[in-house]
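Novice: I have a structure I would like to understand better, so I am pasting it below and will then ask my questions one at a time.
Residue numbers (the numbering used here): 31 to 527.
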């Protein structure tokens with residue numbers, strides 16, 4: 031079905047369905063178009079018309095999103111669909127016992143494309159927000175496998191990112207083994223001014239492991255061209271992978287998301303971020319001379335165009351990235367709260383925060399920025415990838431493990447945490463050990479009670495003084511009206527008087 035010429039409603043919804051669906055769909059589907067699995071629904075974007083496939087194969091060029099589902103006993107058919115459309119993920123299982131009325135598969139908790147763990151069986155809500163469960167469970171992203179479904183930027187390094195003499199510039203891509211790179215264009219953007227400094231139409235194919243290397247050394251698939259400033263990969267900028275005709279991506283072009291396949295931004299420039307990434311980037315990597323040889327390495331196969339997939343690491347061209355791992359874990363139990371939050375609404379606010387799109391990514395970036403600014407050890411949101419979020423007495427709790435690249439990095443992170451009692455994050459957020467909040471709250475309540483008692487005594491004292499002064503003034507202005515005077519002999523008087 032070609033969606034050209036159609037548009038979403040003011041709330042961003044667009045409905046395709048059978049004639050019996052209410053409200054009436056914008057495109058009415060023939061009977062039994064969407065039916066029980068094994069089946070799949072895929073969304074494509076193409077400037078050359080409908081997606082093209084050879085023979086009985088499923089097309090993947092221009093694939094934006096897909097969902098694969100099955101009924102009980104139909105695993106084989108769903109497996110064939112999933113291997114192409116959602117590789118490495120368990121397909122969704124329909125649940126006819128969920129409800130006595132019609133049900134649907136609804137996206138909940140994440141807008142990341144082709145992520146089956148984000149879907150739940152729910153009641154029907156066409157043209158409305160999905161009827162998601164209160165706390166959707168998102169399983170971890172699958173780790174990168176040698177057989178990759180699409181084309182991604184895998185590793186980037188600049189020759190001037192550190193002072194190391196053997197630091198080299200290169201861009202590494204990863205694709206399915208022996209995949210043709212014809213039709214893809216690699217573009218490098220500088221930050222000031224924002225323009226394409228390099229545009230390289232790719233040739234040849236990826237190697238037997240799926241790697242494709244563009245660099246300054248001889249042992250590469252393609253060479254990075256020599257530029258006027260001598261640094262083909264700038265200190266601050268971006269690298270983007272496009273699909274289309276080379277003439278559509280000339281040197282000097284401004285950043286564009288048209289026909290964009292993947293991008294990594296190592297800059298805090300908002301124009302680059304908003305154009306090449308789905309949302310504004312909170313974390314900008316720091317390349318410090320003390321780190322030695324350094325590159326930006328992808329540590330997730332399925333998250334395209336997001337800083338959450340990248341971390342500063344050691345260069346590993348034509349090999350798997352060196353990523354934080356369980357080899358060097360560090361216990362994490364961090365509680366975050368707003369300084370001005372009200373205790374009565376804290377638990378409700380926390381639960382709302384947990385269900386807000388992008389809140390977890392933003393929190394990982396905030397904590398990563400703070401720790402990196404203090405440890406200077408190459409800390410990134412990837413190190414917090416396994417941190418779990420929950421609510422703890424009205425506070426946002428991050429628990430689990432921090433993963434490190436090496437023993438030295440783990441020691442640096444551990445020392446930074448030991449030296450930090452309070453993390454002053456942006457937006458009025460404060461982070462501390464989850465053993466501390468109870469201490470702070472108890473001390474705060476004791477101090478509050480003390481002040482309340484002191485204020486009561488002070489008020490009583492002021493009232494007492496006011497009454498005494500008023501009585502004194504009253505008696506001074508109106509002396510007693512004596513009606514008789516009694517005289518006594520001096521000898522009969524009280525000697526003490």
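For every residue, glycine included, the Cβ atom is placed at its ideal position computed from N, Cα and C.
1) Assign residue 298 to one of three DSSP states: helix, strand, or coil.
2) In three-state terms, what does DSSP make of residue 112?
3) Check whether the region 377-388 touches the region 327-343, counting contact only when three or more Cβ pairs, one atom from each stretch, lie closer than 8 Å.
4) Which stretch, first to last residue, makes up the alpha helix (DSSP H) that contains residue 440?
5) Count the other C-beta atoms from every protein chain shown that fall within 10 angstroms of the C-beta of residue 268, then say buried if there are 16 or more, exposed otherwise.
6) Determine the direct distance from the alpha carbon of residue 210 to that of residue 239, and round the result to whole angstroms.
7) Indicate the three-state DSSP secondary structure (helix, strand or coil) for residue 494 in the structure shown.
8) Which of the three DSSP states is assigned to residue 70 in this structure?
9) Taking only the alpha-carbon atoms, compute the straight-line gap between residue 198 and residue 192 and give it to the nearest angstrom.
10) Near residue 143, which residues of its chain fall below 7 Å by C-beta distance, leaving aside the five closest residues on each side in sequence?
11) Taking the straight line between their C-alpha atoms, what separation do you get for residue 415 and residue 432?
12) Is it buried or exposed for residue 169, if we count other Cβ within 10 angstroms and need 16 for buried?
13) Check each candidate in 336, 272, 464, 202 and name the one with the smallest Cα separation from residue 361.
14) How would you call residue 393, buried or exposed, if buried means at least 16 neighbouring beta carbons within 10 angstroms?
15) Rounded to the nearest angstrom, what separates residue 454 and residue 140 at their Cα positions?
16) Starting from residue 404, trace the alpha helix (DSSP H) both ways and give me its first and last residue.
17) Would residue 202 and residue 348 be called neighbours here (beta carbons separated by less than 9 Å)?
18) CB residue 215 to CB residue 328, shorter than 9 Å?
19) Quickly, what does DSSP pair residue 363 with across the bridge? List them, please.
20) Using the three-state DSSP reduction, which class does residue 78 fall into: helix, strand or coil?
21) What are the partner residues of residue 231, as DSSP defines its beta bridges?
22) When we look at the beta-carbon of residue 335 and count the other beta-carbons within 10 Å, is it buried (16 or more) or exposed?
23) What did DSSP end up calling residue 333 once you bin it into helix, strand or coil?
24) Could you pull out every residue in the same chain whose Cβ sits closer than 8 Å to the Cβ of residue 358, ignoring the five residues on either side in sequence?
25) Have a look at residue 274 and residue 289 and give me their C-alpha separation to the nearest angstrom.
26) Please tell me whether residue 262 and residue 194 are closer than 9 Å, where the distance is taken between their beta carbons.
27) Identify every residue that forms a DSSP beta bridge with residue 149.
28) So what does DSSP say about residue 342, is it helix, strand or coil?
29) DSSP three-state label for residue 381, please.
30) Nearest CA to the CA of residue 241: which residue from 205, 217, 218, 118?
31) Quick one: what's residue 245 bridged to in DSSP?
32) Taking the DSSP output, what are the residues bridged to residue 454?
33) Am I right that residue 125 and residue 80 are in contact with their C-beta atoms under 8 Å? What's the rounded C-beta distance?
34) Near residue 52, what residues of its chain come up, given a Cβ to Cβ distance below 8 Å and the 5 sequence neighbours on each side ignored?
35) Closest to residue 100 by C-alpha separation, out of 71, 428, 315, 229, would be which residue?
36) In this structure, how does DSSP classify residue 107 when only helix, strand and coil are distinguished?
Specialist: On the basis of the coordinates in this document:
1) coil
2) helix
3) no
4) 437-448
5) buried
6) 13 Å
7) helix
8) strand
9) 10 Å
10) 94, 95
11) 8 Å
12) Its pLDDT being 38, under 50, residue 169 is placed unreliably in this model, and the value from its coordinates should be taken loosely. Under this definition residue 169 is an exposed residue.
13) 464
14) buried
15) 28 Å
16) 389-405
17) yes
18) no
19) 429
20) coil
21) 215
22) buried
23) coil
24) 433, 434, 435, 436, 437, 439, 440
25) 7 Å
26) no
27) 137
28) strand
29) helix
30) 205
31) 200, 253
32) 460
33) So it is not a contact: roughly 33 Å between Cβ atoms.
34) 156
35) 71
36) helix
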